[in-house]
Amino acid sequence: MIRRYVVGLTGASGAAYGLALIRELVERPVEVHVIRSRAGRRVMARELGLAGPVMDHLAADESFKPHPQARLIEHPADDIGAPPASGSFRHQGMVVVPCSMRTLAAISSGLADNLVTRAADVCLKEKRPLILVPRETPLGLIHLNNMVRAAQAGAVILPPSPAFYHGPQTIQDLVRFIVARILDQLGLEHQLVEEWSGDGGL
Ligand SMILES: Cc1cc2nc3c(=O)[nH]c(=O)nc-3n(C[C@H](O)[C@H](O)[C@H](O)COP(=O)(O)O)c2cc1C
1004 MIRRYVVGLT GASGAAYGLA LIRELVERPV EVHVIRSRAG RRVMARELGL
1054 AGPVMDHLAA DESFKPHPQA RLIEHPADDI GAPPASGSFR HQGMVVVPCS
1104 MRTLAAISSG LADNLVTRAA DVCLKEKRPL ILVPRETPLG LIHLNNMVRA
1154 AQAGAVILPP SPAFYHGPQT IQDLVRFIVA RILDQLGLEH QLVEEWSGDG
1204 GL
């Protein structure tokens, strides 16, 4: 059976992380279910100039080579009857990237009020991987408590905090570092960032 992943993009800054993750996934023989919240669409438009379907945006880049067996399916965030809303829809994991503090709060309190938060809630109840990439700074106590609650319920909290020891030169290098950590969590091999082999004892 084809492997499936769910990607939620919400209204926090960092749409580039979500887009880069989707691109990485569809370069593999997998099915990707994308859900953008209303605010997520707005931030994507502002940060990436992306107004239409995600696939159209990716296809505009000549270096983009989707796998022939890959499928990208976009679901409206208010379609709470779409497949990812049900536990019977089997998939290999969901990533909410970027994850707004509103969506984090909803997920951590079981408030399944749209398709992003419902699909995340389903992951937690079905014990499927759920990776949240929350973005805000500074973090208030409510945000921190919500992260603890989500982690206690089984989510992985993966803040978009790039490291600098690999010598990033561009923004894309920083984005790739975070996408690499997400792919690690999904158990997917990649060559985005070289494996750390020590610093020679400097
Ligand atoms: C340009 C822009 C940037 C934003 N950045 C953030 C952010 O980094 N983190 C955050 O939690 N909310 C951010 N927000 C606010 C959220 O979009 C807002 O709380 C929204 O209700 C989130 O809805 P959602 O969780 O359904 O996507 C931003 C809003 C805009 C317009």
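Numbered according to my numbering, the sequence shown spans residues 1004 to 1205. Glycine residues also receive a C-beta, built at the ideal position from the N, C-alpha and C atoms. What you are looking at is a predicted structure, and each value in this text was computed from that prediction instead of being measured.
Burial state of residue i, where buried means 16 or more other Cβ atoms lie within 10 Å
i: D1081; result: exposed
i: P1032; result: exposed
i: P1101; result: buried
i: R1179; result: buried
i: L1133; result: buried
i: G1170; result: exposed
Spatial neighbours of residue i in its chain, beta-carbon cut-off 8 Å, leaving aside the 5 residues before and after
i: S1040; result: G1011, L1012, T1013, G1014, A1080, S1103, T1106, N1117, V1119
i: S1016; result: V1046, E1050, P1101, R1138
Own chain residues within Cβ distance below 6 Å of residue i, not counting five before or after
i: L1186; result: H1193
Cβ-heavy atom distance, residue i to ligand 3, below 7 Å
i: M1104; result: No copy of ligand 3 appears in this structure; the ligands present are ligand 1.
CB of residue i within 8 Å of CB of residue j, strictly
i: A1154; j: I1110; result: no
i: P1165; j: I1181; result: yes
i: R1184; j: Q1095; result: no
i: M1097; j: V1009; result: yes
Cα-Cα separation, residue i to residue j
i: P1069; j: L1114; result: 35 Å
i: I1025; j: D1202; result: 32 Å
i: D1059; j: G1043; result: 17 Å
i: G1143; j: E1077; result: 32 Å
i: G1157; j: R1121; result: 15 Å
Close Cβ partners of residue i (< 7 Å) along its chain, the five nearest in sequence each way excluded
i: F1092; result: P1086
i: N1149; result: L1107, A1108, S1111
Every unbroken beta strand (DSSP E) inside the region 1018 to 1064 [3 residues or more]
Runs of beta strand (DSSP E) with 3 or more residues, each lying fully within the region 1018 to 1064, are found at 1033 to 1039, listed in chain order.
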